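In terms of this note's numbering, the sequence shown opens at residue 1110 and continues consecutively.
Below is one structure; the comments refer to it alone.
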Amino acid sequence: MGFDNTVTVVGNVTRDPELRFSQAGMAIAQFGVAWNRRRQDQDDEVSFFDVTCFRQLAENVAESIRKGSRVVIYGTLQQRSWQTDGGDRRSKVEILADDVAPSLKWATAEIARNERSQGGGDYGGDRGGGGRRNDAGSRPAPNRSDSGSAPAADADPDDEPF
1110 MGFDNTVTVV GNVTRDPELR FSQAGMAIAQ FGVAWNRRRQ DQDDEVSFFD VTCFRQLAEN
1170 VAESIRKGSR VVIYGTLQQR SWQTDGGDRR SKVEILADDV APSLKWATAE IARNERSQGG
1230 GDYGGDRGGG GRRNDAGSRP APNRSDSGSA PAADADPDDE PF
């Protein structure tokens, strides 16, 4: 799977996140974000995007951000098309978020780490495809250094990389 359509957008949240759950119980949060491009001697250019988050990221976003918050969104672009009841074709580009963070350019934030839930496979922003898992189970493959060597033997696999 290629990751050649990744995007990072810094903008203002235009509506509070709406949290809902799929029939299978997966959390889904959706909100809007506006990105402003300031231009001298011209009107500002504003782009609006719908943002969709899944699983734990969705729950964290719904609890943490509000309309007016300045956020940094990292994800992929997806275009959807449909036909209205009147027969008109419509389409929109939305961001499927892998990560959402508060922008600290004009604000401060207090970080509270959530405990990892049991069951594994939930690494934040994966988009409903069953989690990012390796063939061995619910843990991701270990990170390797640039030389390709395995992590140190005394490394605890349950430790986060940060």
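Virtual Cβ for every residue (Gly too), placed ideally from N, Cα, C.
Computed from a predicted model, the values in this text were never measured in an experiment.
In this structure, how does DSSP classify residue i when only helix, strand and coil are distinguished?
i       : result
Gly1238 : Bear in mind that a pLDDT of 41 at Gly1238, under 50, signals an unreliable position, so the number given afterwards is only what the model happens to contain. Three-state DSSP puts Gly1238 in coil, outside helix and strand.
Glu1154 : strand
Arg1189 : strand
Asn1169 : helix
Arg1164 : helix
Leu1205 : strand
Ser1131 : coil
Ala1216 : coil
Ala1210 : strand
Gln1139 : strand
Asn1145 : strand
Arg1222 : coil
Asp1159 : strand
Ser1178 : coil
Ser1256 : Residue placement at Ser1256 cannot be trusted, given a pLDDT of 41 that sits under 50; the coordinates are not used to answer.
Asn1121 : strand
Spatial neighbours of residue i within its chain, please: C-beta separation below 6 Å, excluding the five flanking residues on both sides.
i       : result
Arg1179 : Asn1121, Ser1212
Gln1187 : Glu1203, Leu1205
Gln1139 : Glu1127, Thr1161
Ala1276 : With the chain running from 1110 to 1271 in the structure shown, residue 1276 is simply not present.
Asp1125 : Arg1175, Lys1176
Ser1190 : Ser1200
Trp1144 : Val1118, Gly1120, Ser1156
Is it the case that the CB of residue i approaches a heavy atom of the ligand ATP more closely than 7 Å?
i       : result
Val1170 : In the structure shown, the ligand ATP is absent, as is every other ligand, since no ligand is present at all.
Starting from the C-beta of residue i, find all residues in its chain whose C-beta is less than 8 Å away, skip the five residues before and the five after it, and write them out in chain order.
i       : result
Phe1130 : Ala1136, Ile1137
Gln1192 : Arg1198, Arg1199
Using a Cβ-Cβ cutoff of less than 7 Å, which residues in the same chain neighbour residue i once the five nearest sequence positions on both sides are dropped?
i       : result
Ala1210 : Val1180, Val1181
Contact check, residue i vs residue j under 8 Å by CB: the rounded distance?
i       : j       : result
Arg1146 : Glu1154 : 4 Å
Thr1123 : Val1142 : 6 Å
Asn1114 : Thr1185 : 5 Å
Run through the DSSP bridge pairs and tell me what residue i is partnered with.
i       : result
Gly1195 : Note: Gly1195 sits in no beta bridge, so no partner.
Thr1115 : Thr1185
**OP:** Please determine if the region 1146–1163 and the region 1198–1209 are in contact, where contact requires at least 3 C-beta pairs separated by less than 8 Å.
**Re:** yes
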